[in-house]
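Visitor:
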Amino acid sequence: MIGSLGLKLARFAVVLSVFALWEVLSRTGMVNPRLLPSASDTIAMLGQLLQRASVRSDLAVTASEVAVAFVLAVPCGALIGFAIAENRYFAEVAKPLLFFAFSIPKSIFLPMFILVFGVGFSQKVGFAFFSTIFIVIMSTTVAVDSVKTEYLTVARSYGATTAQTAFRVYLPSMLPVLLETVRISMIFNLTGVLLAEMYASRDGIGHQIATWGENFQMEQLLAGVLMIAIIAMTFNELVRWVETRCSHWRT
Amino acid sequence: MQPLANVTRLQPASRAGSIQIKNVGQVFKTSTQSVEALSDVSLDVKPGKFVVLVGPSGCGKSTLLMMLAGLRKQTSGTILINGAPIVAPDPDRIGVVFQEPSLFPWLTAEENVEFPLTLRGVDKAERRRKAQEALLLVGLDGFAKRHPHELSGGMKQRVSIARGLVQDPPVLLMDEPFAALDEQTRMTMGDELLRIWAATGKTVVFVTHSLTEAVYLADEVVVMSARPGRIVDHLTVTLPRPRTYEMLSGDAFGAMRDRIWRHIRKSA
Ligand SMILES: Nc1ncnc2c1ncn2[C@@H]1O[C@H](COP(=O)(O)OP(=O)(O)O)[C@@H](O)[C@H]1O
Ligand SMILES: [Mg+2]
Chain A
0 MIGSLGLKLA
10 RFAVVLSVFA
20 LWEVLSRTGM
30 VNPRLLPSAS
40 DTIAMLGQLL
50 QRASVRSDLA
60 VTASEVAVAF
70 VLAVPCGALI
80 GFAIAENRYF
90 AEVAKPLLFF
100 AFSIPKSIFL
110 PMFILVFGVG
120 FSQKVGFAFF
130 STIFIVIMST
140 TVAVDSVKTE
150 YLTVARSYGA
160 TTAQTAFRVY
170 LPSMLPVLLE
180 TVRISMIFNL
190 TGVLLAEMYA
200 SRDGIGHQIA
210 TWGENFQMEQ
220 LLAGVLMIAI
230 IAMTFNELVR
240 WVETRCSHWR
250 T
Chain B
0 MQPLANVTRL
10 QPASRAGSIQ
20 IKNVGQVFKT
30 STQSVEALSD
40 VSLDVKPGKF
50 VVLVGPSGCG
60 KSTLLMMLAG
70 LRKQTSGTIL
80 INGAPIVAPD
90 PDRIGVVFQE
100 PSLFPWLTAE
110 ENVEFPLTLR
120 GVDKAERRRK
130 AQEALLLVGL
140 DGFAKRHPHE
150 LSGGMKQRVS
160 IARGLVQDPP
170 VLLMDEPFAA
180 LDEQTRMTMG
190 DELLRIWAAT
200 GKTVVFVTHS
210 LTEAVYLADE
220 VVVMSARPGR
230 IVDHLTVTLP
240 RPRTYEMLSG
250 DAFGAMRDRI
260 WRHIRKSA
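Chains A and B, in that order, give the protein sequences. So the first sequence is numbered by numbering that gives the first Met the number 0: it starts at 0 and just counts up by one. So the second sequence is numbered by numbering that gives the first Met the number 0: it starts at 0 and just counts up by one.
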């Protein structure tokens, strides 16, 4: 690609200027440093936080909640999505309902999750699962629909069994869309867990960030925000990297 | 329907590659109506013949091919290939070449050609060898590792043909395989197909909406009427082989083209 290095440099420059602006605003006192600690102080704080055992255990709690919710929501959603896409009648009935359900802000259900699960691990996992599954179902139906009927006819004409059709036609054909689904559902999943932690929790990094905010510890708060941003972006880029490797045949 | 044993006894001499279509009909039933797509179609194809189906759009050519391929069950009549009925797709007897885009974009040319063998669990070395052979036959031996998006339209259809031939079935069914190609590529592909056909001795059933292509390629042209599709003419192309570009402007060629065109105009 022509100029792709130039584009990368330009992007890097933008990020750098945002941090520079942040630093200047805070250092010169144009924005009250108590409200906006400087970029360098925040990054230093981030380093400190990562050394703290309590922060690490909070991160571990959040990570396990995210992982469990993700591992439950993605296959469940994919199976339901597959069933819907493959069954004409089921699809007619379920699709509009899913769209309705998807349009409701999930956060308003949070109090109910607390009533049902109490405050703890299952409340977070339950809520994150609930926040994620609809997008997985909808994306999977899109993925199934993206499999061209021509491909299925070809497979059938060469005598493919159901399992062969599933693994040799459906799966590779859907892979790019499925990876995209994994990427997007992680965003929903992480949002679900953090929201649940910030709303009512005893541990987890979301809870910690909420506490820093309530106590007006701006440096810690911003460092926490930075930390979450970096983690989310890293995962996102990782899946995108796999995506480009797996779908090199897509033009 | 006649009992199977009976049918086979009636066709003792049928060789590999023969096709017998007897009183075949197809009615599509939807929730609101039923559409008769084909009505009482009977056709005998001798082994090794190149037969072209033409007819107005929607007359049931694809439907007939789908039934020959075992991809759709006829509502009435019988279809025998090699003297035995077709009840399900049978890659041993039938290879199918579809219109674009039927290659799997995530597989290389070679892997696409191997696909039918992969399904049957043929080991890798054997698969490679047969795929190489088929790609060589269609003139694509240098392009084995390319993905479909790196191939031109004509090359893609060569890969499709190689895939159809890789299991060496006696019958090759082709549904408008060159319809998406430009005029020049289409002419070249026609010549290529005739070369491959001459080299392999397959029975070919070829659907097209180009009358020129029909006469140029065929031993026999079968003309179908508008829905419900019936056979309204069945003509033998007397032009010698190999066919050449000069024949296109000859009187014999023109006369056959006109005869087909009159049928089609009448039913359109
Ligand atoms: N699955 C189907 N259900 C209902 N009608 C169909 C179906 N497939 C084909 N038809 C109808 O049967 C007729 C023949 O179709 P087709 O074989 O595709 O025609 P052709 O290939 O000659 O253009 C058309 O009128 C088409 O609308
Ligand atoms: Mg057709």
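Think of the CB as a built atom: it goes at the ideal place given N, C-alpha and C, for glycine as much as any other residue.
#1: Under 7 Å Cβ-Cβ, which residues of chain B neighbour residue 244(A)?
#2: Determine the extent of the alpha helix (DSSP H) in which residue 184(A) is found, giving its start and end residues.
#3: Taking the alpha-carbon positions, what's the residue 103(B) to residue 122(A) distance?
#4: Helix, strand or coil for residue 200(B)? Go by DSSP, reduced to three states.
#5: Output yes or no for whether 8 Å exceeds the beta carbon distance between residue 56(B) and residue 208(B).
#6: Under a three-way DSSP split, which group does residue 25(B) fall into?
#7: From the DSSP output, read off the bridge partner residues of residue 228(B).
#8: Taking Cβ to Cβ, would you say residue 213(B) is nearer than 8 Å to residue 259(B)?
#9: Taking the C-alpha atoms as reference points, what is the distance between residue 138(B) and residue 157(B)?
#10: Among 95(A), 80(A), 107(A), 137(A), whose alpha-carbon lies nearest the alpha-carbon of residue 195(A)?
#11: On the three-state DSSP scale, how would you describe residue 83(B)?
#12: Run down chain B in chain order and give the residues with a C-beta less than 7 Å from the C-beta of residue 248(A).
#13: Counting only Cβ pairs nearer than 7 Å, list the residues of chain A close to residue 168(B).
#14: Taking Cβ positions only, does residue 155(A) come closer than 8 Å to chain B?
#15: What I want to know is whether the C-beta of residue 61(B) ends up closer than 7 Å to one or more non-hydrogen atoms of ligand 1.
#16: How about residue 110(A): is its C-beta nearer than 8 Å to some C-beta of chain B?
#17: With contact counted as at least three CB pairs below 8 Å, one residue from each stretch, are the region 37-45 of chain A and the region 96-104 of chain A in contact?
#18: State whether the region 184-193 of chain B contacts the region 150-169 of chain B, with contact taken as three or more CB pairs (one from each stretch) at a distance under 8 Å.
#19: For a contact meaning CB atoms closer than 9 Å, what does residue 95(B) contact in chain A?
#20: Are there any heavy atoms of ligand 1 lying less than 7 Å away from the beta-carbon of residue 58(B), as far as the coordinates show?
#21: Could you tell me whether the Cβ atoms of residue 236(B) and residue 220(B) are closer together than 8 Å?
#22: Quick one: what's got a C-beta closer than 7 Å to residue 74(B)'s C-beta in the same chain, skipping five residues either side?
#23: Taking 7 Å as the cut-off, does the CB of residue 35(B) come closer than this to any heavy atom belonging to ligand 2?
#24: Does residue 140(B) come out as helix, strand or coil in the three-state DSSP assignment?
#25: With a threshold of 7 Å (Cβ to nearest heavy atom), would residue 226(B) be considered close to ligand 3?
#26: Cα-Cα, which of 167(B), 40(B), 53(B) is closest to residue 76(B)?
#27: Could you spell out where the alpha helix (DSSP H) holding residue 107(A) opens and where it closes?
#28: Check whether the region 101-120 of chain B and the region 153-166 of chain A are in contact - that is, three or more C-beta pairs closer than 8 Å.
#29: Nearer than 7 Å: is that true of the beta carbon of residue 175(B) relative to any heavy atom of ligand 2?
#30: Under 7 Å: does the beta carbon of residue 29(B) sit that close to some heavy atom of ligand 1?
#31: Please return the same chain residues whose Cβ sits closer than 7 Å to the Cβ of residue 220(A), not counting the five positions on each side in sequence.
#32: To the nearest angstrom, how far is the alpha carbon of residue 4(A) from that of residue 11(A)?
Guide: Concretely, from the data shown:
#1: What you label residue 244(A) is simply residue 245 of the first sequence in a count that begins at 1. None at all; the shortest Cβ gap to chain B is about 12 Å.
#2: Sequence index remark: in the first sequence, residue 184(A) carries index 185 (1-based). Run containing residue 184(A): 170-198, per the alpha helix (DSSP H) assignment.
#3: Reading the second sequence from its first residue, position 104 is the one you call residue 103(B). Reading the first sequence from its first residue, position 123 is the one you call residue 122(A). Distance between the alpha carbons of residue 103(B) and residue 122(A): 44 Å.
#4: Counting from 1 along the second sequence, the entry for residue 200(B) is found at position 201. Here residue 200(B) sits in coil by DSSP.
#5: In the second sequence, residue 56(B) corresponds to position 57, counting from 1. In the second sequence, residue 208(B) corresponds to position 209, counting from 1. Contact: yes.
#6: Here residue 25(B) is taken as the residue at index 26 of the second sequence, counted from 1. The answer is strand: DSSP assigns residue 25(B) an E or B state.
#7: The residue given as residue 228(B) occupies position 229 in the second sequence. Beta-bridge pairing links residue 228(B) to 37(B).
#8: Counted from its first residue, the second sequence places residue 213(B) at position 214. Counted from its first residue, the second sequence places residue 259(B) at position 260. Yes, the pair counts as a contact, with Cβ atoms nearer than the cut-off.
#9: The residue you call residue 138(B) lines up with position 139 of the second sequence. The residue you call residue 157(B) lines up with position 158 of the second sequence. Answer to the nearest angstrom: the Cα atoms are 8 Å apart.
#10: The residue you call residue 195(A) lines up with position 196 of the first sequence. Of 95(A), 80(A), 107(A), 137(A), the residue nearest in Cα terms is 107(A).
#11: Counted from its first residue, the second sequence places residue 83(B) at position 84. Strand.
#12: The residue you call residue 248(A) lines up with position 249 of the first sequence. Here the neighbours are 104, 105, 146, 148.
#13: As a position in the second sequence, residue 168(B) is number 169, starting the count at 1. Under the 7 Å cutoff, chain A gives no residues; its nearest Cβ is about 10 Å from residue 168(B).
#14: By one-based count along the first sequence, residue 155(A) stands at place 156. Yes, residue 155(A) lies at the interface with chain B (some Cβ there is under 8 Å from its Cβ).
#15: Counting from 1 along the second sequence, the entry for residue 61(B) is found at position 62. For ligand 1, at least one heavy atom lies less than 7 Å from the Cβ of residue 61(B).
#16: Translated into positions along the first sequence, residue 110(A) becomes position 111. With 8 Å as the cut-off, residue 110(A) does not count as an interface residue toward chain B.
#17: no
#18: yes
#19: Against the second sequence, residue 95(B) aligns to sequence position 96. Per Cβ cutoff of 9 Å: 152, 153, 156, 157.
#20: Stepping through the second sequence from its first residue, residue 58(B) is reached at position 59. Because some heavy atom of ligand 1 lies under 7 Å away, the Cβ of residue 58(B) counts as near it: yes.
#21: As a position in the second sequence, residue 236(B) is number 237, starting the count at 1. As a position in the second sequence, residue 220(B) is number 221, starting the count at 1. The answer is yes: Cβ separation under 8 Å.
#22: Residue mapping note: residue 74(B) aligns to position 75 of the second sequence, counting from 1. Same-chain partners within the cutoff: 24, 25, 26.
#23: Taking the first residue of the second sequence as position 1, residue 35(B) is located at position 36. No; taking the cut-off as 7 Å, the Cβ of residue 35(B) has no heavy atom of ligand 2 nearer than that.
#24: Indexing the second sequence from 1 puts residue 140(B) at position 141. Helix, per DSSP.
#25: Ligand 3 is absent from the structure shown, which contains only ligand 1 and ligand 2.
#26: Here residue 76(B) is taken as the residue at index 77 of the second sequence, counted from 1. Checking every option, the nearest Cα to that of residue 76(B) belongs to 40(B).
#27: In the first sequence, residue 107(A) corresponds to position 108, counting from 1. First-last for residue 107(A): undefined, no H or E at that position.
#28: yes
#29: Reading the second sequence from its first residue, position 176 is the one you call residue 175(B). Checking the Cβ of residue 175(B) against ligand 2 gives yes.
#30: Here residue 29(B) refers to the residue found at position 30 when the second sequence is read from its first residue. Flag set: Cβ of residue 29(B) near ligand 1.
#31: In the first sequence, the residue the question calls residue 220(A) occupies position 221. Correct list, in chain order: 208, 211, 212.
#32: The count along the first sequence starts at 1 and reaches residue 4(A) at position 5. The count along the first sequence starts at 1 and reaches residue 11(A) at position 12. Rounded to whole angstroms, residue 4(A) to residue 11(A) spans 11 Å at the Cα level.
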